[in-house]
Each structure stands twice: as structure tokens, then as C-alpha cells.
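**Student:** Take this structure, written in C-alpha cells, and hold onto it; I'll ask about it next.
Protein chains: 2
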Amino acid sequence: MSATPASTPRLFVDLPLGPDTAPVIDGAAAHYLLNVMRLKTGDPLLLFDNRSGEWLGAIADAGKRSLSVRIDRQTRDLEAVPDLWLCFAPVKKARLDWIIEKATELGVARLQPVITERTIVERVKAERIEAQIIEACEQCGRTAVPTLADPVKLPQLLKDWPAGRTLLFADEAGGAPFASVDAPAPAAILTGPEGGFTDRERALLLASTDVRRVALGPRILRAETAAIAATSLWMARHGDWT
Amino acid sequence: MSATPASTPRLFVDLPLGPDTAPVIDGAAAHYLLNVMRLKTGDPLLLFDNRSGEWLGAIADAGKRSLSVRIDRQTRDLEAVPDLWLCFAPVKKARLDWIIEKATELGVARLQPVITERTIVERVKAERIEAQIIEACEQCGRTAVPTLADPVKLPQLLKDWPAGRTLLFADEAGGAPFASVDAPAPAAILTGPEGGFTDRERALLLASTDVRRVALGPRILRAETAAIAATSLWMARHGDWT
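Line by line, the protein sequences are chains A and B. Residues are numbered in my numbering as their position in the first sequence, beginning at 1, plus a constant of 584. Residues are numbered in my numbering as their position in the second sequence, beginning at 1, plus a constant of 584.
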């Protein structure tokens, strides 16, 4: 079997893929492939479905607004994603985009928006974020798409917290050095909004069984920096970077 | 001594500060303090000079385009920055901005743009980057400003490489897991452009004495993600995050 050129378009489709399937792509994805990438009948492409892994196929029939694909062979199995959730207070637009893109690249299993007392950005556009997640998956080679959970208020998050999942609370007021805390999967990271957590929230967090307070160095990290740094540290130690 | 409110403006000045100094601030910084922050005579502010640490002062005289400051007391010593360089191939605008801001927040000592064979962005606007570095220092509480080196081509960087400084080469083609490589200061991280390194560059790097090839997990990280993840990992293990 020959290797697939790095330039082969790679696309998520929300359709079950397999050796006997003939997926039809339409909408924005078809527009991109036909009019931006200018693919023609016979051109190869990689598809993944978040169910069965990744498949190499070729365009069987390129129409004006849709195209059908002939599946040739499986190129990768569905990956086992490390069981890390990123719980984050939504921040302003570009910085929120960055959290979504980077957390997906770094390998989180679930993105959980958390509304805190100082969260200014309360409306999270799920459709926009889903599109960013998919785009990051297509770019970074993931075959499994992280879950985007509905936003939840912090007290509710803690009330419903699953027993045994360590919540690494990135507290700007201090804590154990992140690298010193042993927190294998299942685990989660919690990062705050631009203004940080309130004293009341801190007390609530520290009274919770599965919460461990962690510090990310002596400087004041922005919300998105803390999220990306903490995710990297966890992945390198407990995820699939080893 | 009372604590300084978190809302106190914090500003870099390129003037020596001390108990007997009366720094005068003009230009864009004065415009910001007078017209954006609307500070008046008597209002407190924090200044740092990249030489002597951080000082609390108050506005002694607010003019129209400049202001003089009365220094009250020293609030922090000049920090000892971990001796980590980030050597990075410049990438496109927003992603380059992100590397600069995040590397400064995370604590690097020196930012070294490196021109590689696949580097598309060859012109680096030093003035723009310097301003971003200063802004990130003001925001994250640094008292020492990272150095921005002149861009250099990769073969020249390696030719002039200081003996004994480990260069952690983030290679998308593989390498030892980052967390498994022991590389205390002095150290450096090298990240590539959007298109990665060429085979010729990889051979050149691997033939260099101080170079260690490191991997950042199974997914394809964007250039800026690799830079931020690698810097976080190094800081947590060998820097001042412990």
C-alpha cells in the first residue's frame, strides 16, 4: 500500500464510512472541495467519521453542488483519545477560538464551557465552535472528534461531578506545581475567565472531593495560555505523548 | 506596607528607576495613562525598567502630553529569568503574535526568529514585536523583558551555536517524547514554519552536537501550538514553575 501524499484533502463527514459505503458530500464541504480545492472525478481524499477511523477514497462523481466518493481502503483506526476534559470559562472571541483550536490539537476528549461569576462571555455559539473543532480535527489528523458539552454554571458542574475524575483547578492564587500533581485519566482541567475566580468560587472548589489546586508558574497567565499550558503538561505526562 | 490593588496600571519604562529618580513618561505611554486610563496627579502606578525590578509611584505632575512620577518604594526585585531561548520560524501574522505573547507570558529569556527553507514570512517587524513583548510583560507581571534577537538563517544559527546549550528540536517527523528528555538550562527550543523542516535541514540539525530531537505527541501540531506546548513543558520541569 502506497503512502498518502500530505497534500490529500482530509475531511470529516457525519456519515458511517466503510468498504461498502458510497458517501455523498454536499453543502459547505462540497463547495470547498469543488470550488476552492478544485477537485475533479478521480482525485483522492481522506475521510473520517468519528466512528470507524480514517478512509482513503476518490471522487466517483463530481457534480455542481455535491460529490460522491468511492472508498478504497482504511488508512487508520479510530483513535483512543486520552480521557481529559477541558472545563473553561468562555473568554472573548479570538482568545476563545484559540482555546478551542489548541485543545483539539493537543488531544482533549471533551470541551466543557463553564459559566463563572466573572464570566463576561455568557453566550457561546455552539455551531461556530463545532465548526472550529472539526476544522482543527481535519488539520491535526484526529480521527475522533472531541465532544462539546452545553455550558454549565460552576456550582452545577461541581454538583454533577463524576466521582473519581480528578479536576485540576488552575488557580492564579497558588497551588501545587502542576508537574508535581499525579492525576492520571480520568481527569479534567478547569481554567477561569479573564478576571479569575471569586473567593466564593475558590472556597466551593476547594471543598470538593475530586478537586486539586494547581499552579502554572510565577507569572500571571492569560486564561487561554493557562488552558493550553495545562493541557500540554497533562498530555505529556498522562496522555498519549509518551 | 499595604498591598497594591490589582487595578494599578503597570508600565515598562526604558529609564533607570530608583528611590531618588523622577521619571518622566511621554509618547504613547503618556497618552495611554492620561487619555485612556484618565489618570490624574496623585494616582498610583507601577513601573519596571528591566534593570532594577518594579517600583510603586504616583503621578507627581500630569501634563497634557507627558507626566512625571514620584517613586515611593520598590515592590519587586528584578526577576531571574530561566535561561530558555525560543528559536522559531516566523509564521503568519496572528499566529506569530500568539507565539510572541505566549512565550513572554510563559517566561522565555530570548526570542530568536529563525529563517528556514520553507519560511514564507521572511520579514519580521522588530518594532511591532518589541511592542507586543512589552505589552505581554506589563500584563503578566514580568520585571525582566525577553530579548528579541535579529532573524538568522538556520545554518548560521547552528554555526554560531553556543557550546553546552541544548537545542530541543521539535520535529514533526518524530523524536523522543519531550517529557523524557532531560535538558536543564541553558536550553533552547526550535520550532519550524507551517510547512515543517526539509530533509536537508533535519540532517543538518541531527548532525549538530547540542541538538536533541523531541516529539510532542501523535497529532500534527501547528507551529505556534508546538512552540507554546514545548515552552510550557520545559518551564514546568526545568524553569521556575516548580
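Ideal Cβ positions, reconstructed from N, Cα and C, are used throughout, including at glycine. Keep in mind that this is a model prediction, so the values were computed, not measured.
(1) Between K676/B, A771/B, P607/B and P746/B, which has its C-alpha nearest D633/B's C-alpha?
(2) Can you find a C-beta in chain A that's less than 8 Å from the C-beta of T826/B?
(3) Using only alpha-carbon positions, find the residue among E722/A, T625/A and D661/A that is nearest to D645/A.
(4) Please determine, among K676/B, L631/B and E689/B, the residue with the shortest C-alpha to C-alpha distance to P603/B.
(5) Tell me which same chain residues have a C-beta within less than 6 Å of the C-beta of G780/A, skipping the five on either side of it?
(6) Let me make sure I understand the geometry here. Which of A747/B, G725/B and I717/B has the alpha-carbon closest to that of A733/B?
(7) Can you look up T625/A in the DSSP assignment and give me helix, strand or coil?
(8) Going by DSSP, name the residue or residues bridged to C671/A.
(9) Alpha carbon to alpha carbon, what distance is there between L668/A and A767/A?
(10) With a threshold of 8 Å between beta carbons, is F596/B in contact with chain A?
(11) Using the rule of at least 16 other Cβ atoms within 10 Å of the residue's Cβ for burial, across every protein chain shown, is R594/A buried or exposed?
(12) Whose C-alpha, out of G758/A, L752/A, P777/A and D627/A, is nearest the C-alpha of A769/A?
(13) Quick check on the DSSP output: the alpha helix (DSSP H) that includes E638/A runs from which residue to which?
(14) Is there at least one Cβ from chain B nearer than 8 Å to F672/A's Cβ?
(15) Quickly, what does DSSP pair L595/A with across the bridge? List them, please.
(16) Could you check the C-alpha separation between A747/B and G691/A for me, to the nearest Å?
(17) Helix, strand or coil for T605/A, going by three-state DSSP, please let me know.
(18) For V708/A and V729/A, what's the separation of their Cα atoms in angstroms?
(19) If contact is defined by three or more beta carbon pairs under 8 Å, each pair taking one atom from either stretch, is the region 815–823 of chain A in contact with the region 813–821 of chain B?
(20) Looking at C-alpha atoms only, which residue of E808/B, L601/B, L640/B and A787/B is the closest neighbour of I773/B?
(21) If the cut is a Cβ gap below 7 Å, which residues of chain A does K686/B touch?
(22) Please classify P589/A as buried or exposed, where buried requires at least 16 other C-beta atoms within 10 Å of its C-beta.
(23) Looking at chain B, is there any beta carbon in it that lies within less than 8 Å of the beta carbon of A813/A?
(24) What three-state label does DSSP hand D783/B in the structure shown?
(25) Kindly list the residues whose CB is nearer than 7 Å to the CB of T700/A, restricted to its own chain and excluding five residues on each side of it in sequence; keep chain order.
(26) List the whole-angstrom C-beta distance separating G641/A from I655/A, where the pair is believed to meet the contact cut-off of C-beta under 8 Å.
(27) Given that a residue counts as buried once 16 or more other Cβ atoms are within 10 Å of its Cβ, and exposed if not, what is L704/A?
(28) With a threshold of 8 Å on Cβ separation, who are the neighbours of C724/A within its own chain once the five nearest residues in sequence on each side are excluded?
(29) Starting from I655/A, follow its DSSP beta bridges and name the residues at the other end.
(30) Let me check understanding here. Comparing Cα to Cα, which of R796/A, T592/A, C671/A and W745/A lies closest to L623/A?
(31) Specify the secondary structure class of T727/A as computed by DSSP and reduced to three states.
(32) Just to confirm my understanding: we take A720/A, look at its own chain, exclude 5 residues before and 5 after, and list those with CB closer than 6 Å. What are they?
(33) In chain A, what lies closer than 8 Å to L741/B by C-beta?
(34) Flag P761/A as yes if its beta-carbon sits less than 8 Å from any beta-carbon of chain B, otherwise no.
(35) For chain B, find out if any of its Cβ atoms is closer than 8 Å to the Cβ of E778/A; answer yes or no.
(36) From this set, Q658/A, P802/A and L788/A, which residue's C-alpha is nearest R796/A's C-alpha?
**Tutor:** Taking the coordinates as given:
(1) P607/B
(2) yes
(3) T625/A
(4) L631/B
(5) E756
(6) I717/B
(7) coil
(8) Q696/A and L774/A
(9) 10 Å
(10) no
(11) buried
(12) L752/A
(13) Counting along the chain, E638/A falls outside any alpha helix (DSSP H), though it belongs to the beta strand (DSSP E) covering E638 to A646.
(14) no
(15) L631/A
(16) 36 Å
(17) coil
(18) 19 Å
(19) yes
(20) E808/B
(21) T809
(22) exposed
(23) yes
(24) helix
(25) A673, L738, G776, P777, F781 and E785
(26) 5 Å
(27) The residue asked about is misnamed: residue 704/A is Ile in this sequence, not Leu. Exposed, since its Cβ has fewer than 16 Cβ neighbours within 10 Å.
(28) T688 and E689
(29) G641/A
(30) T592/A
(31) coil
(32) E685, T688 and E689
(33) Ordered by position in chain A, no residue passes the 8 Å Cβ test against L741/B, which lies about 25 Å from the chain.
(34) yes
(35) no
(36) L788/A
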